[in-house]
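Asks: Got a structure here, written out as structure tokens. Questions coming.
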Amino acid sequence: MKPGKELLDSAVREIETSPQNSATAAGPVDDTARIDTINQIFALFRINYHNQFYSAFTDTALLNQAKRLWLESLRYYSTECLLKAARQVIEQSEYLPTLNKMIEACNAQSGETGLPSAREAFIEACMAPTPRTAHSWTHPAVYHAGAQTGWYELETRPEYVTWPRFEKHYDALRRRVLKGEELVVDDECATIEQKEQSPLDKSEGLARIQALRGDLDL
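The structure is reproduced here in structure tokens:
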């Protein structure tokens, strides 16, 4: 029998060369490919964490429930990303991973796509000069997370307000990139940014003042 790491390497190669693994932006990875990948990952976990695995999944019904949960929760990660994350977990941990640990491992694969960490992205978005479309972004996802959070909000509102919002948007964008979508900062983005920088009407200006007062407890 092949050792776990060799089995994992073989599985990664098979997935990478499979026509079912073509990356598109059309939606979640093909169901058949994802199901096969989750089954492979659980098989590898069974080999590498033998006693822990059987203690955690005492019967087939419980194992199938766990697989369905993982299948749903990891639906936006590519099969290649899932297998690389499984490789990382097996090589770095002596313990059977939880779903949360697997998600962390999947997110860690973002370095291969040039994506910075959420915190690094937040700092870059806050510090970027205008016009922001002319800035040399670490990754387009950083720009789009900033735009979705709101450039005015990033400039004027406290971090405890803007950071959770930015992180939420960035995590969603990161998942889209990891499943194969290509993001760009184009002329349309520049047009939208120019509109946002136009003078505010009275009602919008008052609304922003009220928001700032709320942040400062005034």
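Numbering-wise (the numbering used here), the sequence shown opens with residue -10 and increments by one.
Glycine is no exception: its CB is placed at the ideal position from the N, C-alpha and C atoms.
1) Where does Ala75 fall in DSSP's three states?
2) Determine the DSSP secondary structure at Asn37, reduced to helix, strand or coil.
3) In whole angstroms, what is the alpha-carbon distance linking Asn28 and Tyr159?
4) Let me know the secondary structure DSSP gives Ala14 once reduced to three states.
5) Taking 8 angstroms as the threshold (C-beta atoms), are Leu172 and Thr102 in contact?
6) With a Cβ-Cβ cutoff of 8 angstroms, do Ile30 and Ala94 count as a contact?
7) For a cutoff of 8 angstroms on Cβ pairs, would you count Pro153 as touching chain C?
8) Going along the chain, which unbroken runs of the alpha helix (DSSP H) with 4 or more residues stay wholly within the stretch 50 to 128?
9) So, are the CB atoms of Cys174 and Trp126 less than 8 angstroms apart?
10) Applying the 10 Å Cβ sphere with the 16-neighbour rule, what's the burial state of Met116?
11) The alpha helix (DSSP H) that contains Val166, what's its start and end?
12) Buried or exposed: Ser67, going by 16 or more other Cβ atoms within 10 Å of its Cβ?
13) Note down the Cα distance separating Gly16 from Leu33, rounded to an integer number of angstroms.
14) Could you give the distance in angstroms between the alpha-carbon of Thr13 and the alpha-carbon of Leu63?
Replies: In this structure, then:
1) helix
2) helix
3) 29 angstroms
4) Because Ala14 carries a pLDDT of 37, less than 50, the predicted location of this residue cannot be relied on, and no value is offered for it.
5) no
6) no
7) As a matter of chain content, chain C is missing from the structure shown, which is built from one protein chain.
8) 68 to 81, 88 to 97, 107 to 116
9) Residue identity differs from the one stated: residue 174 is Val in this sequence, not Cys. Going by C-beta atoms, Val174 is nearer than 8 angstroms to Trp126.
10) Counting Cβ neighbours within 10 Å, Met116 comes out exposed, since fewer than 16 surround it.
11) 148 to 167
12) buried
13) Annotation note: pLDDT 44 at Gly16 (below 50); position unreliable, no value reported.
14) Because the pLDDT of Thr13 is 36, which lies under 50, any placement of that residue in the model is unreliable, and the number read from its coordinates should be weighed accordingly. Rounded to the nearest angstrom, the two C-alpha atoms are 16 angstroms apart.
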